[in-house]
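Colleague: Take a look at this one; I'll ask things after.
Number of protein chains: 2
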Amino acid sequence: MFKRLALLSATFMFVLAAGAQETKKFMLVIHGGAGTINRKNMTPEREREYRAALEQALRTGQAVLARGGSSLDAVEATVRFMEDSPLFNAGKGAVFTHEGRNELDAAIMDGKTRKAGSVAGVTIIKNPISAARAVMEKSKHVMMAGRGAELFATKMGLEIVDPSYFWTERRWKALQDELLKEQQPQASLVTADENRFGTVGAVALDQSGNLAAATSTGGTTNKMYGRIGDSPIIGAGTYADNETCAVSATGAGEFFIRWTVSYDIAALMKYRGLSVQEAADQVVNKTLKAVPGAEGGVIALDRNGNFATPFNSEGMYRGWIGVDGVPHVEIYRD
Amino acid sequence: MFKRLALLSATFMFVLAAGAQETKKFMLVIHGGAGTINRKNMTPEREREYRAALEQALRTGQAVLARGGSSLDAVEATVRFMEDSPLFNAGKGAVFTHEGRNELDAAIMDGKTRKAGSVAGVTIIKNPISAARAVMEKSKHVMMAGRGAELFATKMGLEIVDPSYFWTERRWKALQDELLKEQQPQASLVTADENRFGTVGAVALDQSGNLAAATSTGGTTNKMYGRIGDSPIIGAGTYADNETCAVSATGAGEFFIRWTVSYDIAALMKYRGLSVQEAADQVVNKTLKAVPGAEGGVIALDRNGNFATPFNSEGMYRGWIGVDGVPHVEIYRD
Chain A
0 MFKRLALLSA
10 TFMFVLAAGA
20 QETKKFMLVI
30 HGGAGTINRK
40 NMTPEREREY
50 RAALEQALRT
60 GQAVLARGGS
70 SLDAVEATVR
80 FMEDSPLFNA
90 GKGAVFTHEG
100 RNELDAAIMD
110 GKTRKAGSVA
120 GVTIIKNPIS
130 AARAVMEKSK
140 HVMMAGRGAE
150 LFATKMGLEI
160 VDPSYFWTER
170 RWKALQDELL
180 KEQQPQASLV
190 TADENRFGTV
200 GAVALDQSGN
210 LAAATSTGGT
220 TNKMYGRIGD
230 SPIIGAGTYA
240 DNETCAVSAT
250 GAGEFFIRWT
260 VSYDIAALMK
270 YRGLSVQEAA
280 DQVVNKTLKA
290 VPGAEGGVIA
300 LDRNGNFATP
310 FNSEGMYRGW
320 IGVDGVPHVE
330 IYRD
Chain B
0 MFKRLALLSA
10 TFMFVLAAGA
20 QETKKFMLVI
30 HGGAGTINRK
40 NMTPEREREY
50 RAALEQALRT
60 GQAVLARGGS
70 SLDAVEATVR
80 FMEDSPLFNA
90 GKGAVFTHEG
100 RNELDAAIMD
110 GKTRKAGSVA
120 GVTIIKNPIS
130 AARAVMEKSK
140 HVMMAGRGAE
150 LFATKMGLEI
160 VDPSYFWTER
170 RWKALQDELL
180 KEQQPQASLV
190 TADENRFGTV
200 GAVALDQSGN
210 LAAATSTGGT
220 TNKMYGRIGD
230 SPIIGAGTYA
240 DNETCAVSAT
250 GAGEFFIRWT
260 VSYDIAALMK
270 YRGLSVQEAA
280 DQVVNKTLKA
290 VPGAEGGVIA
300 LDRNGNFATP
310 FNSEGMYRGW
320 IGVDGVPHVE
330 IYRD
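So the protein lines, in turn, are chains A and B.
Here the first sequence stands for residues 0 to 333, where the numbers follow numbering that gives the first Met the number 0.
Here the second sequence stands for residues 0 to 333, where the numbers follow numbering that gives the first Met the number 0.
Following this line, the structure appears as structure tokens:
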């Protein structure tokens, strides 16, 4: 009897070990925007909604990685989920331009090949991140904007929607507040400042050791018609190469463009030998922190699964999930 | 008599010395595109035209710098001159998209403040570089595309032209050749490959020690409607900060975006301590050279007036001019 149990136990251990060998390390890190996000501005109900959506986003990408899928597939699936959620400033739930339109930007980058794709100022593509991927994989270009990008996405068979699909009452009110503010700068309007900007993003490491990054956004409330932010700019809001790291940024985009934020983190790792945590911290909490208005944060992940989620704003919606399948979500600084 | 001559001579020397003290070091470096530019493809007449235009462009910017003007004013004036010349792929003389349109991109960056402005996919602005400067100085944004950028430029009082202004027979023929090539890949058409891409750019150091960079382009012949290249992307085709260098790039833009070429040169100077020549050479002749198709070059200038003009293509239209006012122009590798 004891012998049999020992044999059974040994067999069981063997199966476990074999299983563990097959599942190599993988990691997914996400953000849902940074800004004036604090407990004072948050209702318990809204916090629950955000936590649930972030956890679901993490599980969506984790499922791809757990079955051996690519980091590209994982970040695309994760960002698509957040684009479809009205909670985040990307896809459905995007903020409005000054003229009351939704103009969407997105980018994706493959750390293995350093291939990249992005779209800017698109208004009828349900999931801009998938359009960015189509630009990367099915065109000879990296970046496409406006009507040209929309015609390409349509030809590629991506889901097209009426611009009204992106309308949400919360973002429409945020624009009206901003417009009123412009006219009455002295008025003390209760504006949810967290609405001014926001972005969603994901970085992933897959079981083959490849990194990828994806970012999608509606930009900033009250932005001018035609404005392009940092999200669709490779090296600014989105970057990935296996040699260094995968990065997705969120914040006051104009500063993130001028400081080439995402690639600066990679350059500090490559040329100064900094860890991903040190490099991301230096760019967000030293370089950008010293520039008035350069508010925001990043998620950054290296090839060994080390990651950082620094932000210099009050809060940042963020989370991560690994092989154990347990989603971790954080919102505030403390 | 001898005494009088000596006195006169001494006075003359004093005046010269005082003049020299007042005029501090300044420098202007330009490019007019890189590609398959060699003596075999060039007629003596065309070479004379290019040399004359490049010299005139240099003198245009030098005049600004010599009278104590800013590097920003110098690079804008220089690029405007090249945009107005039908010889270069920028402004008048821009290449055509697949659909037979001219979609123009441009960017400018101020090394002192790290402020930047850019426009992409504009079709009616006579001088896109001035629109980029208006975005930098008169909007809250860095990058604007398409119709939104055009409306902004119109409101700012910039010169608007009919799209037909940009039409040139030479570029139209280049598009027809490319379209034919697509249909008959085996046909041995005599296409001027130098027409495929091209860009104009200028980097300058002014007497106050401030750097600036400007780039303008029509993109690549036969590009898709809506495609954005590296020129208007800060950190890819255009970059400047006083701490490191000013850079303007020209080449196969998609690669220059993926390799964040302009900022990579700055990062090598900042984080590795390389000189501007070493950094520019490493990025163009090592990093990009190792990537099939990543053809092109850059001009890069540091705060001490040191500069580099590396290219990994057959040729690059380029030139420089300093305090002595003598324009230097080169086209080929040897």
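We treat Cβ as the ideally placed atom computed from N, Cα and C, and that holds for glycine.
The model shown is predicted, which means the values in this text are computed figures rather than measured ones.
In chain order, what residues of the region 131 to 145 of chain B put their CB closer than 8 angstroms to some CB of chain A?
Modeller: 138, 139, 140, 141, 142, 143, 144 and 145
Colleague: So, is residue 240/B buried or exposed, given that buried needs 16 or more other C-beta atoms within 10 angstroms?
Modeller: Counting of Cβ neighbours within 10 angstroms places residue 240/B among the buried residues, the total reaching 16 or more.
Colleague: Give me the Cα-Cα distance between residue 160/A and residue 212/B, rounded to the nearest whole angstrom.
Modeller: Roughly 40 angstroms between the two C-alpha positions.
Colleague: To the nearest angstrom, how far is the alpha carbon of residue 327/A from that of residue 150/A?
Modeller: 39 angstroms
Colleague: Does the Cβ-Cβ distance between residue 252/A and residue 144/B come in under 8 angstroms?
Modeller: With contacts defined by Cβ atoms closer than 8 angstroms, residue 252/A and residue 144/B do not form a contacting pair.
Colleague: Could one say the Cβ of residue 179/B lies closer than 8 angstroms to chain A's Cβ atoms, at least one of them?
Modeller: no
Colleague: May I have the straight-line CA-CA distance separating residue 244/B from residue 269/A, to the nearest angstrom?
Modeller: Spanning the two alpha carbons is a distance of roughly 20 angstroms.
Colleague: Rounded to the nearest angstrom, what separates residue 255/A and residue 34/A at their Cα positions?
Modeller: Whole-angstrom Cα-Cα distance: 14 angstroms.
Colleague: I'd like to know if residue 114/B contacts chain A, where contact means its C-beta is closer than 8 angstroms to some C-beta of that chain.
Modeller: yes
Colleague: Looking at the structure shown, is residue 198/B part of a helix, part of a strand, or coil, going by DSSP?
Modeller: coil
Colleague: For the region 23 to 47 of chain A, which residues have a CB atom closer than 7 angstroms to at least one CB atom of chain B, in sequence order?
Modeller: none
Colleague: If you draw a straight line from the alpha carbon of residue 73/B to that of residue 324/A, how long is it in whole angstroms?
Modeller: 57 angstroms
Colleague: Restricting to runs no shorter than 3 residues, where is the beta strand (DSSP E) found entirely within the region 38 to 105 of chain B?
Modeller: none
Colleague: Let's test the definition: count the other Cβ atoms within 10 Å of the Cβ of residue 311/A and tell me whether it reaches 16, buried, or not, exposed.
Modeller: buried
Colleague: Can we say the region 92 to 103 of chain A touches the region 58 to 66 of chain A, given the rule of at least three CB pairs closer than 8 angstroms?
Modeller: no
Colleague: How many whole angstroms separate the CB atoms of residue 108/A and residue 298/A, which I take to be in contact at a CB cut-off of 8 angstroms?
Modeller: No, residue 108/A and residue 298/A are not in contact; Cβ-Cβ is about 14 angstroms, not under 8 angstroms.
Colleague: Please list the partners that residue 155/A has in chain B, where partner means a Cβ-to-Cβ separation under 7 angstroms.
Modeller: Those within 7 angstroms of residue 155/A in chain B number zero; the least Cβ separation is about 12 angstroms.
Colleague: Can you tell me whether residue 188/A is helix, strand or coil according to DSSP?
Modeller: A caution first: residue 188/A carries a pLDDT of 47, below 50, which makes its placement in the model too unreliable to give a value.
Colleague: So which of 329/A, 125/A and 301/A has the shortest CA-CA distance to residue 25/A?
Modeller: Closest option to residue 25/A, Cα to Cα, is 301/A.
Colleague: Would a check of beta-carbon distances place residue 68/A closer than 8 angstroms to chain B?
Modeller: Closer than 8 angstroms: no.
Colleague: By how many angstroms is the C-alpha of residue 40/A removed from the C-alpha of residue 191/A?
Modeller: For residue 191/A, the predicted model reports a pLDDT of 48, less than 50, meaning its position is unreliable and no value from the coordinates is stated.
Colleague: Is there contact here, the region 259 to 266 of chain A with the region 262 to 281 of chain B, by at least three beta-carbon pairs under 8 angstroms?
Modeller: yes
Colleague: Evaluate residue 320/B with the Cβ neighbour count: other Cβ atoms within 10 Å of its Cβ, from every protein chain shown; 16 or more gives buried, anything less gives exposed.
Modeller: Taking every protein chain shown into account, the CB of residue 320/B has 16 or more other CB atoms within 10 angstroms, so this residue is buried.
Colleague: Is the region 215 to 228 of chain A touching the region 73 to 88 of chain A, taking contact as three or more C-beta pairs under 8 angstroms?
Modeller: yes
Colleague: Please determine, among 291/B, 296/B, 285/B and 290/B, the residue with the shortest C-alpha to C-alpha distance to residue 247/B.
Modeller: 296/B
Colleague: Roughly how many whole angstroms lie between the Cα atoms of residue 172/A and residue 30/A?
Modeller: Using only the alpha carbons, I get a separation of about 24 angstroms.
Colleague: Quick check on the burial criterion: 16 or more other C-beta atoms within 10 angstroms. Buried or exposed for residue 181/B?
Modeller: Answer is exposed; the Cβ neighbour count stays below 16.
Colleague: Report the option in 309/A, 54/A, 81/A and 223/A whose CA atom is closest to the CA atom of residue 281/A.
Modeller: 309/A
Colleague: For residue 123/B, which beta-bridge partners are listed by DSSP?
Modeller: Residue pairing by DSSP leaves residue 123/B without any beta bridge partner.
Colleague: Under 8 angstroms between the Cβ atoms of residue 113/B and residue 226/A?
Modeller: no
Colleague: In or out: residue 163/A buried (at least 16 other Cβ within 10 Å) or exposed?
Modeller: With fewer than 16 other Cβ atoms inside 10 Å of its own Cβ, residue 163/A counts as exposed.
Colleague: What does the alpha-carbon distance come out to for the pair residue 188/B and residue 271/A?
Modeller: In this predicted model, residue 188/B has a pLDDT of only 47, less than 50, meaning its place in the structure is not dependable; the value taken from the coordinates is given anyway. Between residue 188/B and residue 271/A, the alpha-carbon positions lie close to 49 angstroms from each other.
Colleague: What do you reckon, are the CB atoms on residue 203/B and residue 64/B nearer than 8 angstroms?
Modeller: yes
Colleague: Let's see if you can read the secondary structure: which residues bound the beta strand (DSSP E) around residue 328/A?
Modeller: 327 to 331 is the span of the beta strand (DSSP E), which, as asked, contains residue 328/A.
Colleague: How many angstroms separate the CA atom of residue 84/A from the CA atom of residue 205/A?
Modeller: 25 angstroms
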